[in-house]
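Below: one structure, written as structure tokens.
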Amino acid sequence: MKSLTLVPELVEICDILHIYDNTLTPFRIFKKRRDLYYRWPNEYWSNEDIEKLCGVNKYENEI
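Using our numbering, the letters of the sequence shown correspond one by one to residues 10 to 72.
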């Protein structure tokens with residue numbers, strides 16, 4: 010899936026970006042707003058999976 014390998018480039022160039030998992034119903038797993046990053050894991054996407062997908066390792070909503 011070449012398109013997924015391009016996600017970190019999108020994260021870098023976009024000011025606002027939302028990524029959804031639509032496996033069953035749409036569920037947001039990632040949001041970028043300027044220089045702030047957020048992630049929401051679910052049963053299909055772990056924190057580590059989202060980090061690998063987006064190339065980001067610091068999130069505002071970390072516990």
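Glycine included, C-beta positions come from ideal geometry on N, C-alpha and C. Predicted model only: the values in this text are computed from it and were never measured.
Counting C-beta neighbours from all protein chains within 10 Å, is the total for residue i 16 or more, i.e. buried, or is it exposed?
i: K11; result: exposed
i: C23; result: exposed
i: Y53; result: exposed
i: D44; result: exposed
i: I25; result: exposed
i: Y46; result: buried
By alpha-carbon positions, which one of the options ends up nearest to residue i?
i: R42; options: E71, V20, T14; result: V20
i: V16; options: E69, K40, E71; result: K40
i: Y68; options: D58, H27, R48; result: R48
Mind checking whether the beta-carbon of residue i lies closer than 6 angstroms to any heavy atom of the ligand FMN?
i: L19; result: Within the structure as shown, the ligand FMN is missing, as the structure has no ligands at all.
For the alpha helix (DSSP H) that residue i lies in, which residues bound it at each end?
i: L19; result: 16 to 22
i: D44; result: Per DSSP, D44 belongs to no alpha helix (DSSP H) and is neither H nor E.
i: L62; result: 56 to 63
Are the CB atoms of residue i and residue j nearer to each other than 7 angstroms?
i: F36; j: N51; result: yes
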